[in-house]
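Taken in order, the sequence shown gives residues -25 to -1, 1 to 181; the numbers are from mature numbering (1 follows the signal peptide of the UniProt record, and there is no 0).
We treat Cβ as the ideally placed atom computed from N, Cα and C, and that holds for glycine.
All values reported here derive from a predicted model rather than from experimental measurement.
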Amino acid sequence: MRNKNTVFTRINLIVLLFCMTFVNAQNSDINILRDININRNKNLDPTFKLVTNSAVPISVATPIIIYSVALIKKDSTIKKQAIFIGEVFLVNAFITTALKHTIKRDRPFETYPDIDQAASSLGKSFPSGHTSLAFATATSLSMAYPKWYVITPSFVWAGAVGYSRMHLGVHYPTDVFAGAIIGSGSAYLSYKVNKWINKKSSKKDK
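Here it is as structure tokens:
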């Protein structure tokens, strides 16, 4: 009986600790967002809207352009790189959409009226779809072309997309952070799966 009480007490302490951690994290989340959004330079809103709106067209165009180049040059290596980037796009979109529908976190401006919504937004907040898409593109492109002149601008752009989502008041910092992890993780996951498939195929050929 004493053992059961001890276990029950420990469970209660763990739950209490988790709740306290969650509350503190939520407070930090909104405080950081307030610093970014409420104190922002509104003259930069048009610039950050351009940055935020670039996520989808750039991410869609990247594999298409690379694939077109592959067809023109008749280069199978470039074609594989384009397909890889396209695969990452699809994997990231699936994971991000699934998490949004599962977690269903409201947008910050819906919960906190003082947050200024400076851009339109669709769907739920967690994770940031624009950020995950930008980081998926940046990571997959950098893996396909591991050169500093590809890696640096790709991640600067992806980081700017993430920041723009907070500047415009449509995402919490944790949404953006999670989006960056999911986007980069989608590229890494796709790379590992492709490597495993290629390894299996090469064994069969032998």
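How about residue i and residue j: do their beta carbons lie closer than 8 Å?
i: serine 139; j: threonine 52; result: no
i: valine 63; j: alanine 135; result: no
i: serine 169; j: phenylalanine 59; result: The identity of residue 169 in the sequence shown is asparagine, whereas the question assumes serine. Going by C-beta atoms, asparagine 169 is nearer than 8 Å to phenylalanine 59.
i: valine 145; j: alanine 113; result: no
i: leucine 8; j: tyrosine 163; result: no
i: methionine 141; j: isoleucine 11; result: yes
i: isoleucine 13; j: aspartate 89; result: yes
i: leucine 143; j: lysine 17; result: no
i: alanine 57; j: proline 38; result: yes
Taking the alpha helix (DSSP H) that residue i falls in, what are its first and last residues?
i: valine 136; result: 123 to 142
i: histidine 146; result: No alpha helix (DSSP H) contains histidine 146, which DSSP labels as neither H nor E.
i: serine 117; result: 104 to 119
Inset, instruction - Determine, using beta-carbon pairs with one atom in the segment 126 to 135 and one in the segment 72 to 88, whether at least three such pairs fall under 8 Å. - result: no
Legend entry - Start-end ranges of the alpha helix (DSSP H) lying completely within the segment 17 to 86, minimum 4 residues: You should have 20 to 28, 30 to 48, 51 to 78, 83 to 86.
Inset, instruction - Please confirm if the segment 141 to 158 is in contact with the segment 102 to 115, defined as three or more CB-CB distances below 8 Å between the two stretches. - result: yes
Inset, instruction - Take every Cβ of the segment 118 to 125, pair it with every Cβ of the segment 88 to 102, and state whether three or more of those distances are shorter than 8 Å. - result: no
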